[in-house]
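Trainee:
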Amino acid sequence: MNLLLPSTSLYGKPLLDRPLSFKWRRNGERVGVRAASIGSHKVRVHDRQRGVVHEFWVPEDQYILHTAESQNISLPFACRHGCCTSCAVRIKSGQIKQPEALGISAELKSKGYALLCVGFPASDLEVETQDEDEVYWLQFGRYFARGPIERDDYALELAMGDE
Ligand code: FES
47 MNLLLPSTSL YGKPLLDRPL SFKWRRNGER VGVRAASIGS HKVRVHDRQR GVVHEFWVPE
107 DQYILHTAES QNISLPFACR HGCCTSCAVR IKSGQIKQPE ALGISAELKS KGYALLCVGF
167 PASDLEVETQ DEDEVYWLQF GRYFARGPIE RDDYALELAM GDE
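Going by our numbering, 141 is the number at position 95 of the sequence shown; the sequence numbering is gapless.
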């Protein structure tokens, strides 16, 4: 299908600095092309642990982490379902839609934290990876105010003996 595209968007931004289509591949084979009707945004991720900055385009209806991986960009993750917070970032500028981010509280979202595995770009974005377990401790640290629990092998042995 041929699309007639204007040379600028409604907002006066030139369209030529944006990708016109996205090719999707599965096991190295091209399986489809997405038309330019879906908006996309430039995402810049400062990976503080690895000391690198990634910049890539993400369609508005695609998860940021998945899109990065499809472009051979590796970012921190674990569960990939919005629960563990391993992929959490601090938003430096821009907005992320994250209605499926169950692992992060509304309070932390309002403070600028987001999960890339279930996050969609709502604008051009600049984010930075968190310190290890930063979001986890911000959310749950008050429940562990006495610090990590030490393993008690004797109590464990007693408990196992009861079964
Ligand atoms: S990878 Fe677990 S919350 Fe994103």
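The beta-carbon is built from N, C-alpha and C at its ideal position, and this holds for glycine as well. The structure presented is a predicted model; accordingly, all values stated were derived computationally and were not measured.
1) Please determine whether the Cβ atom of His-112 lies at a distance below 7 angstroms from any heavy atom of the ligand FES.
2) Between Phe-166 and the ligand FES, is the CB less than 7 angstroms from at least one heavy atom?
3) Can the beta-carbon of Glu-101 be found less than 8 angstroms from the beta-carbon of Gly-85?
4) Just to confirm my understanding: we take Ser-169, look at its own chain, exclude 5 residues before and 5 after, and list those with CB closer than 7 angstroms. What are they?
5) Is it right to say Ala-201 is buried, meaning 16 or more other beta carbons lie within 10 angstroms of its own, or is it exposed?
6) Pull every residue with its beta-carbon under 6 angstroms away from any heavy atom of the ligand FES, and keep them in chain order.
7) Does DSSP put Glu-203 in a helix, in a strand, or in coil?
Mentor: Put simply:
1) No, the beta carbon of His-112 sits no closer than 7 angstroms to any heavy atom of the ligand FES.
2) Phe-166 has its CB no nearer than 7 angstroms to any heavy atom of the ligand FES.
3) In this structure, the beta-carbon distance from Glu-101 to Gly-85 does not fall below 8 angstroms.
4) Only His-87, Gly-140, Gln-141 meet the Cβ criterion.
5) Its Cβ having fewer than 16 others within 10 Å, Ala-201 is exposed.
6) Proximity annotation: the ligand FES has residues Phe-123, Ala-124, Cys-125, Arg-126, Gly-128, Cys-129, Cys-130, Thr-131, Ser-132, Cys-133, Gly-149, Leu-161, Cys-163 in chain order, each selected because its CB is closer than 6 angstroms to a heavy atom of the ligand.
7) If DSSP states are grouped into helix, strand and coil, Glu-203 belongs with the helices.
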